[in-house]
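These notes are about the structure you will find just below.
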Amino acid sequence: MPPRASTNARGLLISLGAIALVGGSLAGGWWLGQRSHRSGSSNAQAAVERQADQLRQRLAEGTASEAEQQRLVQLLLALNQQEEATALLEQLADQQPQRWQLRLLLAELHRNNNNRSAAQRELRQLLNLSPNRIEALQLMALLQFEQGRGSEAQAQLKAQIERASKPAVQPQVLPLGLLLGDLQQRMGQKAAASATYTKLAADFPRDPRPLLALALLRQEQGDSKGAQEALAQARSRQPGSKDTRLDQVAASWGISNLRQGKPAKEPSPATTSPGPEPRSTP
């Protein structure tokens with residue numbers, strides 16, 4: 033099996049703003065990450081319960097601030113009180129419709145609980161208000177992929193890209209295209225993904241992300257030379273930049289002279305590690 037791109041490299045791709053269907057909370061996880069948290073002692077557990085009780089009381093009195101309500105959701109998830117956390121999050125999302133992140137997190141929570149129909153319902157509500165909200169499109173595509181509806185997700189993304197490309201290519205084509213390319217990879221359509229990234233690189237000649245995505249794809253296919261070439265091209269699109277993240281990707285692959293754009297020796301197998309696989313649940 034060809035080596036997969038390193039987890040570090042894929043994470044750096046996301047940090048550069050590319051959209052990828054990877055593990056972890058798609059919504060940023062400012063409380064969902066607490067779901068699996070368990071206290072290291074009974075005293076700590078009791079402290080969490082006491083704080084949750086105090087916040088419940090403030091909520092009942094109508095004096096809890098938005099931050100305190102969010103903190104209560106976090107604590108409820110830490111205590112594995114899923115139903116109460118979901119109900120409170122639904123209330124917050126309804127009360128603060130301008131805060132789209134709340135509904136996105138609610139959708140992610142439903143997905144975590146294997147309630148995909150509820151997750152899609154929340155996402156459709158969000159997309160009705162903001163059809164190009166890339167974070168919602170990302171989670172919707174992942175849900176469709178997990179349900180064996182990857183072709184449907186592809187068709188929808190391609191239609192959106194086509195609409196956003198007339199009469200001229202609009203900025204939203206880039207994140208949509210990156211999402212499409214990653215979905216194509218997940219579906220085993222490597223050639224299609226490569227073509228998607230190559231077209232994005234041509235349509236957005238100053239942005240390094242399509243070339244970085246292409247480099248990751250080639251690295252996963254075992255094409256180390258091609259990956260290095262794409263990575264060097266991505267780096268050339270940031271001349272004089274102090275951003276070192278592309279160089280970090282290069283270092284993770286054992287490429288030391290990326291800045292000079294010279295061919296580098298292929299990395300040894302030890303420089304790569306398996307990348308994340310799609311999750312059946314987050």
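Residue numbers for the sequence shown follow my numbering, so the first one is 33 and each next one is one higher. Cβ coordinates follow ideal geometry from the N, Cα and C atoms, glycine included.
Can you name the start and end residues of the alpha helix (DSSP H) that residue i belongs to?
i: Q216; result: 205-218
i: R195; result: 182-195
i: D235; result: 222-235
i: D255; result: Careful: D255 lies outside any alpha helix (DSSP H) and carries neither H nor E.
i: Q176; result: 166-178
i: V80; result: 74-93
i: D239; result: Unbroken run through D239: none, as it is neither H nor E.
i: L104; result: 98-110
i: Q133; result: 132-144
i: A150; result: 148-161
i: E125; result: Note that residue 125 corresponds to Ala in the displayed sequence, not to Glu. 114-127 is the span of the alpha helix (DSSP H), which, as asked, contains A125.
Pop quiz: residue i and residue j are said to be a contact at Cβ under 8 angstroms. What is the actual Cβ separation, rounded to whole angstroms?
i: L263; j: L232; result: Contact flag wrong, Cβ pair sits at about 16 angstroms.
i: L189; j: L161; result: That belief does not hold up - the Cβ atoms of L189 and L161 are roughly 19 angstroms apart, past 8 angstroms.
i: Q186; j: Q216; result: 7 angstroms
i: G258; j: R250; result: 4 angstroms
i: L134; j: L121; result: 7 angstroms
Taking buried to mean at least 16 other C-beta atoms within 10 Å of its own C-beta, is residue i buried or exposed?
i: G94; result: exposed
i: A266; result: buried
i: A139; result: buried
i: S183; result: exposed
i: S226; result: buried
i: Q192; result: buried
i: Q101; result: buried
i: E252; result: buried
i: G209; result: buried
i: P129; result: exposed
i: P242; result: buried
i: E167; result: buried
i: E194; result: exposed
How big is the Cα-Cα spacing for residue i and residue j?
i: R25; j: A125; result: Beyond the ends of the chain as shown, which are 33 and 314, falls residue 25; an answer cannot be given.
i: K222; j: L109; result: 38 angstroms
i: W62; j: A79; result: At W62, the pLDDT of 40 sits below 50, so the modelled position is not reliable; the number obtained from the coordinates is stated separately. Taking the straight line from one Cα to the other gives about 20 angstroms.
i: L174; j: P199; result: 29 angstroms
i: L169; j: E115; result: 26 angstroms
i: L111; j: Q152; result: 26 angstroms
i: S350; j: E81; result: Given that the chain is displayed from residue 33 to residue 314, the structure contains no residue 350 and the question cannot be resolved.
i: N164; j: Q204; result: 8 angstroms
i: E261; j: A247; result: 8 angstroms
i: T118; j: L107; result: 12 angstroms
i: A150; j: R238; result: 40 angstroms
i: V201; j: G254; result: 32 angstroms
i: A92; j: N145; result: 26 angstroms
i: R131; j: A99; result: 13 angstroms
i: Q83; j: G213; result: 45 angstroms
i: T230; j: L171; result: 24 angstroms
i: S97; j: L104; result: 10 angstroms
i: P271; j: P240; result: 11 angstroms
i: Q179; j: T228; result: 23 angstroms
Between residue i and the ligand MG, is there a pair consisting of the residue's CB and a ligand heavy atom that are separated by less than 6 angstroms?
i: Q101; result: Annotation note on the ligand MG: not contained in the displayed structure, which lists no ligands.
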